[in-house]
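Working notes, structure below.
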Amino acid sequence: MGVSELFWSASLDEWKQGFIQNQEHYICLLCGDKTEKGVIYPVDDMFYDAEKAMKIHIEKEHGSVFDYLIGLDKKLTGLTDHQNRLLRLFYAGKNDAEIQKELEIGSSATIRNHRFVLKEKERQAKMMLTIMELLREKDQHAPVLITPHKAAKMIDSRYNVTQEEEAEMLEKLFPEGTHRKLKKFPLKEKQKLIVLKAIADRFEGKRKYDEKEVNQLLESIYHDYVLLRRYLIEYGFLARKADGSEYWKIL
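Read in order, the letters of the sequence shown correspond to residues 4 to 254 in our numbering.
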């Protein structure tokens, strides 16, 4: 199961702590790194068990779970840019007067109103979560849809694809298998998403690639590697430095 699948299937408590566990490992929900149970890990001249080592990993690599989640695309968080800035300041421990000055807000009552609106969103989110949990217990006919990747920049109807439909699309577009040549690059948005997702799986999660390596990998899949590269970045599967010197898969 990929990082996105683990992330979206995790419980609220698991999201808050940033990792899940199975019989053998603790697994970071933010990047997929693992620590093995029963192993002692050296960190900065100290030794920690697997669970503590995972918590240290999250702090060192991601800052905090809050920092990671608040940095996700607004399509995923449902927050406006202004709400995002406010939440960051609230989390940093700023009081209303300090926030009023930093954001140049004319009245502290405005900040209180923002707090009220955010609490309303929280109540609505809890209500929706409860409703969907209860529905899941009763709805025996719900199709299993593909999971959006965490860096998805466009969460819309193009993700309304069942796993069976995904398999059919991939078989049609990669007749020799998803690790071989792409027959043609599709124009339909749903098919485009499925193809890009399959291509992104060929990139190693923790590796940094230079542009030549990216081009070579993509050209082995499809002759128009520039088109693939552009869409992989546009759809949030790959990221790169501004000067194009490094590329990496977004987990």
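Ideal Cβ placement from N, Cα and C applies to all residues, glycine included.
Check whether Ala201 and Leu235 have beta carbons under 8 Å apart: no
_For Ile224, count the other beta carbons within 10 Å of its own beta carbon; 16 or more makes it buried, fewer makes it exposed. Which is it?_
buried
Proximity of Leu176 and Lys186 at Cβ, strictly below 8 Å = yes
**Prompt:** Using the C-alpha atoms, what's the distance from Lys122 back to Leu33?
**Reply:** 26 Å
Cutoff 6 Å; reference Lys211; Cβ partners in own chain excluding five residues on either side:
Glu249, Trp251
* Asked: With 16 as the cutoff for other CB atoms within 10 Å, does Ile267 come out buried or exposed?
  -> Since the displayed the chain opens at 4 and closes at 254, residue 267 lies outside it and no answer follows.
TODO: State the CB to CB distance for the pair Ile30 and Leu9, rounded to an integer number of angstroms; the pair is presumed to be in contact (CB under 8 Å).
DONE: 6 Å
_the region 131-148 / the region 157-172 touching (three or more Cβ pairs under 8 Å)_ = yes
Exercise. What are the uninterrupted segments assigned as beta strand (DSSP E) that are 3 or more residues long and contained completely in the region 27-81, given in chain order?
Worked result: 28-31, 37-39, 44-46, 49-51
TODO: Would you mind sorting His60 into buried or exposed? The rule is 16 or more other CB atoms within 10 Å of its CB.
DONE: buried
**Prompt:** Between Glu100 and Val229, what straight-line distance do the alpha-carbon atoms span, to the nearest angstrom?
**Reply:** Per the sequence shown, residue 100 should be read as Ala rather than Glu. Rounded to the nearest angstrom, the two C-alpha atoms are 50 Å apart.
ask   = What span of residues does the beta strand (DSSP E) with Lys129 cover, start to end?
value = Run containing Lys129: none in the beta strand (DSSP E); it sits in the alpha helix (DSSP H), 111-141.
Along the chain, where does the beta strand (DSSP E) that runs through Tyr250 open and close? 250-252
> For Arg183, which three-state DSSP category applies?
Replying inline: coil
Are the CB atoms of Ile253 and Ala245 nearer to each other than 8 Å? no
Cut-off 8 Å between Cβ atoms - residues of its own chain near Ser111, not counting five sequence neighbours on either side: Asp99, Ala100, Gln103
### Message
Suppose you measure from the CA of Lys195 to the CA of Tyr51; what does that come to, to the nearest Å?
### Response
44 Å
Taking DSSP as the reference, what is the three-state secondary structure of Tyr212? strand
For this session: Please name the residue or residues paired with Thr165 in a DSSP beta bridge.
Result: Leu148
* Determine which residues share a DSSP beta bridge with Phe22 and list them. => Cys31
- prompt: Is Lys129 near Arg161, with beta carbons less than 8 Å apart?
  reply: no
Next item on the list: Return the CA-CA distance between Pro178 and Leu221, expressed in angstroms with no decimal places.
Entry: 17 Å
Exercise for review: Please work out which residues of its chain come closer than 8 Å, Cβ to Cβ, to Lys97, disregarding the five sequence neighbours upstream and downstream, and give them in chain order.
Suggested key: Glu105
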